[in-house]
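Chains as they are written, first to last, in this note's numbering: chain A, 1 to 317; chain B, 1 to 403; chain C, 1 to 326.
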């Protein structure tokens with residue numbers, strides 16, 4: 001690519017297409033990921049996320065369109081791409097009969113890392129994922145979370161410019177998820193562009209700078225979480241109202257800027273508005289004789305965006 | 001035997017007494033030296049001392065053993081004391097019976113006792129004749145046997161040699177065997193040594209008449225004759241012609257010789273061999289291989305019309321060039337090319353091809369061991385198959401490779 | 001569908017070395033390999049032991065005495081060393097190869113490894129070569145043990161031609177192992193389940209060792225005329241029967257080994273030998289030189305090598321067409 005902004009763009013997909021027979025697994029997507037950002041590739045299982053990733057790595061043929069990874073074409077120069085891109089597959093596996101060190105040593109050999117550096121780089125990577133103390137244990141003794149971290153360590157050792165993580169948090173307990181997300185942030189800090197694919201929207205939402213929502217091989221939405229929320233949910237300010245002794249939707253009816261009031265269980269409503277209306281809401285409820293127990297601004301949830309989007313898409317269909 | 005000889009000898013007896021001559025009967029000779037009355041054939045009775053040679057020649061320093069007999073004809077046996085008289089000074093004479101000195105003898109009726117007079121002649125015995133008398137003395141009779149020993153040179157040994165067939169004809173490879181009779185015409189046993197003078201490179205050997213052992217000498221008793229055989233082997237390359245061989249026998253100064261002749265006629269001798277002497281070769285399946293054979297004539301006469309033939313395994317081809325050689329002179333070698341083609345279906349291994357040269361009455365065989373090797377063509381085909389397999393793989397790499 | 005495979009860059013052999021070394025070290029240190037080797041040694045040692053005892057009592061001079069260790073069938077055991085190897089080598093090769101690819105899928109290591117700078121070509125080839133090298137190491141060890149035992153018990157060194165034939169035998173044995181390794185790897189590529197793959201490979205092994213001889217003889221019987229009109233007719237039938245039998249790699253190996261270790265071998269098949277000796281004027285019992293023996297068994301050798309390559313190529317094509325995603 002001769003694009004002058006290339007220095008900032010690490011992955012650029014144009015009209016990327018993948019056909020399995022007549023099925024369009026990936027349907028002409030356009031995508032661009034910049035250096036140092038964490039990009040979320042989100043969507044339900046089977047939406048084409050993994051296929052997209054494999055095409056970026058040159059591990060599967062493209063049926064059309066083009067990809068550019070760090071200035072290389074994965075179709076023609078997969079070795080160059082794979083040398084620079086770290087990949088953590090969905091439910092990554094290691095050789096159980098080997099120790100963590102031996103597993104990484106094998107990768108190091110495949111990467112032709114000079115033998116003198118190998119040991120130092122392995123230890124450095126293992127420390128960065130807090131596995132230095134188990135480096136000589138067999139991988140068969142590792143928990144799921146440890147394996148995922150070992151996968152991150154492999155990427156660190158590789159000194160990849162781009163890290164592609166496929167469902168990194170699936171199957172992890174909340175604590176392990178938290179730790180892993182911290183490590184992903186660490187990667188970002190080290191200047192690595194990170195591409196995360198996940199169907200667990202809320203878990204990765206917190207770390208992603210930008211996301212792309214996948215649906216049936218297409219990117220439905222792309223942008224920052226807030227942008228998406230504004231786009232789908234409206235550029236609004238959702239608030240949560242908990243009150244008793246009052247019919248909240250009735251009390252708020254006609255309020256300027258109000259868009260929607262949705263019940264959120266007993267005595268709780270979600271109120272959507274296109275401007276900051278918390279003060280007015282409080283006044284109205286109190287004026288209606290109700291007792292306001294909670295009035296909080298809601299962060300836009302990707303899940304919500306997602307659900308809403310697909311609901312609308314279905315309705316539109 | 002005693003009775004028989006008495007009969008035959010009876011009629012001669014008087015004549016013998018009168019002549020005192022030697023009677024050369026091969027077995028037993030009887031000479032009545034002293035008798036009461038001249039014996040008339042069967043009726044004669046009496047006692048005799050008998051010897052074959054009452055007069056003998058001895059040499060100084062020798063021991064003379066004179067065999068004699070005490071003969072009793074029709075008398076009652078009695079002990080007869082034996083004594084020797086007239087022994088010159090320095091001489092020693094004993095009567096021996098059965099090898100031991102005896103003092104008396106007692107022959108049965110119509111029997112005789114063999115005795116020996118052993119005389120030690122001193123080395124310094126003077127020439128001349130000495131008479132030693134042997135006496136047998138019974139109760140009422142006494143008989144004497146005077147033996148005259150002449151000191152002097154002994155009668156020389158005499159040998160005669162005669163070939164039955166002194167001239168034999170044959171080829172250089174024939175067997176030349178001459179039978180010769182050797183006679184000892186002297187009075188004593190002789191050990192006869194034999195030798196033969198033959199042309200250079202002729203080999204001679206002697207065997208006993210009908211025996212097979214090679215000998216160089218043979219003992220012959222006095223007066224006896226024996227057959228010996230001499231075998232002469234001429235060298236293979238001998239030229240045609242007559243070759244004399246002088247056979248000699250010798251014993252104690254006596255010699256005799258006889259010339260025998262080999263009449264050797266010329267003959268061709270055929271030999272077939274490989275040029276380099278190696279009777280083996282290599283050939284490839286289905287391909288003609290040439291070998292050079294050598295036909296040679298080791299004989300003495302030329303060989304005419306030498307024909308070559310060969311027997312090879314089934315379905316093989318064999319060709320000679322030339323097929324026929326018009327003539328091979330003695331000691332000449334001629335080369336023949338033989339082309340052998342193993343059949344297409346031959347498998348690798350060792351095979352025998354037999355070549356044969358044939359001339360009139362002469363033939364020679366040479367067995368050739370031919371190692372057949374398979375063509376490397378199939379090896380190349382095999383490599384080709386591997387190459388095709390590799391091409392398939394390369395095609396797969398080109399089509400599906402580098403993913 | 002693939003627009004531009006030809007334009008892919010980089011050597012397909014990138015990363016071959018590390019894959020090969022890892023496979024080799026994995027195999028050599030694995031318990032499975034130890035069990036297999038033990039198995040083969042026990043099966044090989046028994047006939048060799050008996051044979052050596054028998055050979056020691058034979059005083060007749062034999063210029064290929066050393067090679068008899070491998071080929072003589074001891075009286076106490078209807079199994080010679082090479083026959084034992086004939087069916088042990090496939091077992092060993094299957095044991096090494098039946099899970100080489102599908103286990104990578106099942107352990108979910110495949111996509112991680114393939115995301116490193118190497119092509120699948122190198123992965124499969126490295127695995128195959130690693131397995132082949134493992135076989136070679138095991139066979140070499142076995143071979144040296146037998147040679148050593150022969151030296152020790154016979155007390156005489158093998159002659160040059162015997163050593164050369166022994167080495168050729170070793171190479172043929174490795175090629176034979178390669179055929180079965182390729183079979184096992186093909187199944188490991190086709191089937192995701194290692195158990196299915198192992199079952200299929202072992203089934204094929206049993207088929208070739210038990211069923212195929214029967215089928216071949218049944219087919220031959222079908223072609224046998226009621227009455228033979230000529231010797232050549234009998235020969236043709238025997239050749240046909242041999243050709244059928246040679247579809248089994250075991251037959252190819254057996255014949256190749258016979259030609260190598262029994263220098264007197266000039267033809268395969270009982271009748272062919274009889275005819276050659278009796279009606280075609282061959283001197284029986286004379287050994288062939290090594291190059292002629294090699295030419296004799298060249299079709300067998302090339303058959304084994306070509307078979308190995310073709311089977312590997314099939315496994316390769318199937319593997320290349322597969323999707324990496326587990």
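Cβ atoms here follow ideal geometry from the backbone N, Cα and C, with glycine treated the same way.
#1: Determine, using beta-carbon pairs with one atom in the segment 122–129 of chain A and one in the segment 147–157 of chain A, whether at least three such pairs fall under 8 Å.
#2: On the DSSP letters alone, give me the boundaries of the beta strand (DSSP E) that residue 356 of chain B sits inside.
#3: Just the C-alpha distance for residue 13 of chain A and residue 65 of chain A, rounded to the nearest angstrom, thanks.
#4: Below 8 Å on the Cβ atoms is my guess for residue 81 of chain B versus residue 132 of chain B; work out the distance and round it to an integer in Å.
#5: Compare the Cα-Cα distances from residue 247 of chain A to each of A/278, A/107, A/291, A/205 and report the closest residue.
#6: Compute the minimum distance between the beta carbon of residue 199 of chain A and the heavy atoms of the ligand COA, and state whether it is under 7 Å.
#7: For residue 21 of chain B, is the classification buried or exposed, using 16 other Cβ atoms within 10 angstroms of its Cβ as the cut-off for buried?
#8: Within this structure, are the beta carbons of residue 89 of chain A and residue 108 of chain C separated by less than 8 Å?
#9: I need the DSSP call for residue 340 of chain C, collapsed to helix, strand or coil.
#10: By alpha-carbon positions, which one of B/206, B/67, B/173, B/347 ends up nearest to residue 180 of chain B?
#11: Taking a cut of 7 Å between CB atoms, which residues from the segment 8–37 of chain C lie near chain A?
#12: Could you have a look at residue 35 of chain B and say whether DSSP puts it in helix, strand or coil?
#13: Whole angstroms are fine: how far does the CA of residue 17 of chain C sit from the CA of residue 103 of chain C?
#14: Identify the contact partners of residue 109 of chain C in chain A, using a Cβ-Cβ distance below 7 Å as the criterion.
#15: Is the segment 333–352 of chain B close to the segment 360–376 of chain B, with three or more CB pairs under 8 Å?
#16: Nearest to residue 295 of chain B by CA position, among B/309, B/239, B/357, B/347, is which residue?
#17: Between the alpha carbons of residue 112 of chain A and residue 21 of chain C, how many angstroms are there, rounded?
#18: Mind listing which residues of the segment 176–200 of chain C have their C-beta closer than 9 Å to chain A's C-betas, in chain order?
#19: Hey, is the segment 87–101 of chain B in contact with the segment 111–122 of chain B, meaning 3+ C-beta pairs nearer than 8 Å?
#20: Go to residue 298 of chain C, then tell me how far its alpha helix (DSSP H) extends in each direction, as first and last residue.
#21: If you check the beta carbons only, do residue 39 of chain C and residue 261 of chain C fall under 8 Å apart?
#22: I need the DSSP call for residue 136 of chain A, collapsed to helix, strand or coil.
#23: Using a Cβ-Cβ distance under 8 Å, would residue 68 of chain A count as near chain C?
#24: My output table needs one value for residue 241 of chain B: the three-state DSSP class, helix, strand or coil.
#25: Looking at the unbroken alpha helix (DSSP H) that takes in residue 20 of chain C, where does it start and where does it end?
#26: Within the same chain, show all residues whose beta-carbon is closer than 6 Å to that of residue 96 of chain B, passing over the 5 residues directly before and after it, in chain order.
#27: Would a check of beta-carbon distances place residue 241 of chain C closer than 8 Å to chain A?
#28: What does residue 318 of chain B touch in chain C if you count any residue whose Cβ is under 9 Å from its own?
#29: Beta-carbon of residue 349 of chain B versus every beta-carbon of chain C: anything under 8 Å?
#30: So which residues on chain A does residue 322 of chain C lean against when the C-beta distance must stay under 7 Å?
#31: Residue 256 of chain C to residue 125 of chain C, Cα distance in whole Å?
#32: I'd like the span of the alpha helix (DSSP H) that includes residue 329 of chain C, first residue to last.
#33: What did DSSP end up calling residue 321 of chain B once you bin it into helix, strand or coil?
#34: So for residue 345 of chain B, helix, strand or coil by DSSP?
#35: Rounded to a whole number of angstroms, what is the C-alpha to C-alpha distance between residue 273 of chain A and residue 34 of chain A?
#36: Per the contact definition of three or more C-beta pairs closer than 8 Å, is the segment 74–87 of chain A in contact with the segment 254–270 of chain A?
By the coordinates alone:
#1: yes
#2: Along the second chain, read from residue 1 onward, the residue named residue 356 of chain B stands at position 356. From DSSP, the beta strand (DSSP E) with residue 356 of chain B extends over 349–359.
#3: The residue given as residue 13 of chain A occupies position 13 in the first chain. The residue given as residue 65 of chain A occupies position 65 in the first chain. Using only the alpha carbons, I get a separation of about 8 Å.
#4: Here the question's residue 81 of chain B lines up with position 81 in the second chain. Here the question's residue 132 of chain B lines up with position 132 in the second chain. In fact, because the Cβ distance is near 17 Å, the residues do not count as touching under 8 Å.
#5: As a first step, residue 247 of chain A is located in the first chain; it is residue number 247 there, counting from the start. Checking every option, the nearest Cα to that of residue 247 of chain A belongs to A/291.
#6: The ligand COA is not among the ligands present in this structure, which contains no ligands whatsoever.
#7: Stepping through the second chain from its first residue, residue 21 of chain B is reached at position 21. Any reading at residue 21 of chain B is ruled out, since the residue's pLDDT is 40, under 50, leaving its predicted position unreliable.
#8: Counted from its first residue, the first chain places residue 89 of chain A at position 89. Counted from its first residue, the third chain places residue 108 of chain C at position 108. Yes, they are a contact pair.
#9: This structure cannot settle anything about residue 340 of chain C, because the visible part of chain C is limited to 1 through 326.
#10: Taking the first residue of the second chain as 1, we reach residue 180 of chain B at position 180. Comparing Cα-Cα distances from residue 180 of chain B to each of B/206, B/67, B/173, B/347, the minimum goes to B/206.
#11: 8, 9, 10, 14, 15, 18, 22
#12: Mapped onto the second chain, residue 35 of chain B falls at position 35. For residue 35 of chain B, the predicted structure reports a pLDDT of 44, less than 50, and the residue's modelled location is therefore unreliable. The matter cannot be settled from this model.
#13: Taking the third chain and counting its residues from 1, the one referred to as residue 103 of chain C is at position 103. Taking the third chain and counting its residues from 1, the one referred to as residue 17 of chain C is at position 17. Looking at the two C-alpha atoms, the distance is approximately 20 Å.
#14: Position 109 of the third chain, counted from the first residue, corresponds to residue 109 of chain C. What residue 109 of chain C touches in chain A: 93, 94, 95.
#15: yes
#16: Against the second chain, residue 295 of chain B aligns to sequence position 295. When only C-alpha atoms are compared, the closest one is B/357.
#17: The sequence position of residue 112 of chain A within the first chain is 112, counting from 1. The sequence position of residue 21 of chain C within the third chain is 21, counting from 1. Roughly 14 Å separates the two Cα atoms.
#18: none
#19: yes
#20: Mapped onto the third chain, residue 298 of chain C falls at position 298. Counting along the chain, the alpha helix (DSSP H) containing residue 298 of chain C begins and ends at 290–321.
#21: Position 39 of the third chain, counted from the first residue, corresponds to residue 39 of chain C. Position 261 of the third chain, counted from the first residue, corresponds to residue 261 of chain C. Result no, Cβ atoms of residue 39 of chain C and residue 261 of chain C do not sit closer than 8 Å.
#22: If you number the first chain from 1, residue 136 of chain A lands on position 136. Residue state, collapsed to three classes: coil.
#23: For the purposes of this step, residue 68 of chain A is identified with residue 68 of the first chain, where counting begins at 1. No, its Cβ sits nowhere closer than 8 Å to a Cβ of chain C.
#24: For the purposes of this step, residue 241 of chain B is taken as the residue at position 241 of the second chain. Residue 241 of chain B falls in the strand class under three-state DSSP.
#25: The residue you call residue 20 of chain C lines up with position 20 of the third chain. Segment 16–29, the alpha helix (DSSP H) holding residue 20 of chain C.
#26: The sequence position of residue 96 of chain B within the second chain is 96, counting from 1. Result list for residue 96 of chain B: 116, 118, in chain order.
#27: Along the third chain, one-based indexing puts residue 241 of chain C at 241. With 8 Å as the cut-off, residue 241 of chain C does not count as an interface residue toward chain A.
#28: Taking the first residue of the second chain as position 1, residue 318 of chain B is located at position 318. Here the premise fails: no neighbours, minimum Cβ distance about 12 Å.
#29: Within the second chain, residue 349 of chain B is the residue found at index 349, counting from 1. Yes, residue 349 of chain B counts as interfacial toward chain C.
#30: The residue labelled residue 322 of chain C in the question sits at position 322 within the third chain. Going along chain A, no residue has its Cβ under 7 Å from residue 322 of chain C, so there is no contact; the nearest lies around 10 Å.
#31: For the purposes of this step, residue 256 of chain C is identified with residue 256 of the third chain, where counting begins at 1. For the purposes of this step, residue 125 of chain C is identified with residue 125 of the third chain, where counting begins at 1. Rounded to whole angstroms, residue 256 of chain C to residue 125 of chain C spans 26 Å at the Cα level.
#32: Nothing can be reported for residue 329 of chain C: it is not among the residues displayed for chain C, which extend from 1 to 326.
#33: Walking along the second chain from the start, residue 321 of chain B turns up at place 321. The answer is strand: DSSP assigns residue 321 of chain B an E or B state.
#34: Taking the first residue of the second chain as 1, we reach residue 345 of chain B at position 345. Here residue 345 of chain B sits in coil by DSSP.
#35: By 1-based counting over the first chain, the position of residue 273 of chain A is 273. By 1-based counting over the first chain, the position of residue 34 of chain A is 34. Their backbone Cα atoms lie some 33 Å apart in a straight line.
#36: no
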